[in-house]
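**Q**
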Amino acid sequence: MTVEFYGGAPYSPSSISPVFTLFHVPRIHPLPCSPSSGFCRDATFALTVEFYGGALYCDCDYYGSYTIECEEFGGACPCRPNVIGRRCDRCKTGYFGFPNCQPCDCPSTALCNARNGSELGDCICPPLVMGERCDQCVANTYGFDSIIGCEECQCSPAGVRGGNLQCDLVTGQCDCLNNVVGRRCDKCRAGYWTYPRCQSCDCDIRGTESDICDQTDARCYCKSNVEGRTCDSCVLGSYNLQESDPDGCTRCFCFGKSSTCSPSKFFWDKVRHNEYQVI
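The sequence shown runs 1 to 279 under the UniProt record's numbering.
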């Protein structure tokens, strides 16, 4: 039983001002303990002992400490391996089963339940992580990390196949319906509109920008030299609609004689002539 003294008599915590520090002596000293004696003078660990006229017992844990004596200043007891606390009364982080504190069988970054007398040492997992060794993501999460845990998939219910809200455990990619894209399956692919049904905008891809169309009204985005509702016609003064042309159509080169032109059946090429003759 621990008996703590204040002013030569058992003290009450309510009688002590929180401004001052109490002091400790080994449990074996006869009661009461006076700070004027050599034993108590050596055992006290704070300068205010004279003010209180007494000292507190070290109260080192019998199982967790090597001795019943504590540090003169601070009152720290000498703890056994893997035991911590001023009184040496609990396992240090990463150990469980006081007083025979054993390493937790958990990943190096995880803690375990260190309750006194616990024989389990259950791992304390980071957020959204499960498993005996805290090495698996819970349902509908991904990206396991031993420190920060896992992240929620947040798949869009309207855009995934069969209502499956579980994403890829590594990339986080959700399982999208046809013509639906995005990590969360939350938008139509380019050229489609009315998510989540995602119908074709019916644009001529030869004449459209990379986004192809507006996904709210199906309006086609035409290249600079292209026009028409579906971007299928060259603007006046251009010709030869091509998907590979960044402008869509090539400007006519009629030298001011005309503003209209059309593709020719002729083409440019290199001709190699082995013999030359001056005429």
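For every residue, glycine included, the Cβ atom is placed at its ideal position computed from N, Cα and C.
As the structure is a computational prediction, the values presented were derived from the model and not from experiment.
Report the residue from 197, 198 and 231 whose alpha carbon sits nearest the alpha carbon of residue 212.
**A** 231
**Q** For residue 179, collect the residues of the same chain with a Cβ closer than 7 Å to its Cβ; drop the 5 residues on either side in sequence, then sort them by chain order.
**A** 188, 189, 192 and 198
**Q** Using a Cβ-Cβ cutoff of less than 6 Å, which residues in the same chain neighbour residue 175 once the five nearest sequence positions on both sides are dropped?
**A** 160, 161 and 164
**Q** Cα separation between residue 221 and residue 200?
**A** The alpha-carbon atoms of residue 221 and residue 200 are separated by roughly 14 Å.
**Q** Tell me the rounded alpha-carbon separation between residue 131 and residue 144.
**A** 12 Å
**Q** To the nearest angstrom, report how far apart residue 239 and residue 250 are at their CA atoms.
**A** 5 Å
**Q** Around the C-beta of residue 204, are 16 or more other C-beta atoms found within 10 angstroms, so that it is buried, or is it exposed?
**A** A buried status is given to residue 204, since no fewer than 16 other beta-carbon atoms sit within 10 Å of its beta-carbon.
**Q** On the three-state DSSP scale, how would you describe residue 90?
**A** strand
**Q** From the DSSP output, in three-state form, read off residue 163 for me.
**A** If DSSP states are grouped into helix, strand and coil, residue 163 belongs with the helices.
**Q** Quick check on this structure: which residue in 195, 155 and 133 has the alpha carbon closest to the alpha carbon of residue 217?
**A** 195
**Q** Under DSSP, the beta strand (DSSP E) around residue 211 begins and ends at which residues?
**A** 208-213
**Q** Just the C-alpha distance for residue 123 and residue 97, rounded to the nearest angstrom, thanks.
**A** The alpha-carbon atoms of residue 123 and residue 97 are separated by roughly 13 Å.
**Q** Can you tell me whether residue 107 is helix, strand or coil according to DSSP?
**A** coil
**Q** If we call anything under 8 Å between Cβ atoms a contact, is residue 125 one with residue 137?
**A** no
**Q** So, under 8 Å CB-CB, residue 237 and residue 259 are touching, yes? Tell me the CB distance rounded to an integer number of Å.
**A** 5 Å
**Q** Report the rounded CA-to-CA distance for residue 208 versus residue 235, giving the unit in angstroms.
**A** Each residue's Cα considered, the two are about 13 Å apart.
**Q** Do residue 121 and residue 135 have their C-beta atoms closer together than 8 Å?
**A** no
**Q** Would residue 182 and residue 153 be called neighbours here (beta carbons separated by less than 8 Å)?
**A** no
**Q** Who does residue 97 pair with in a DSSP beta bridge?
**A** According to DSSP, residue pairing for residue 97 in a beta bridge does not occur.
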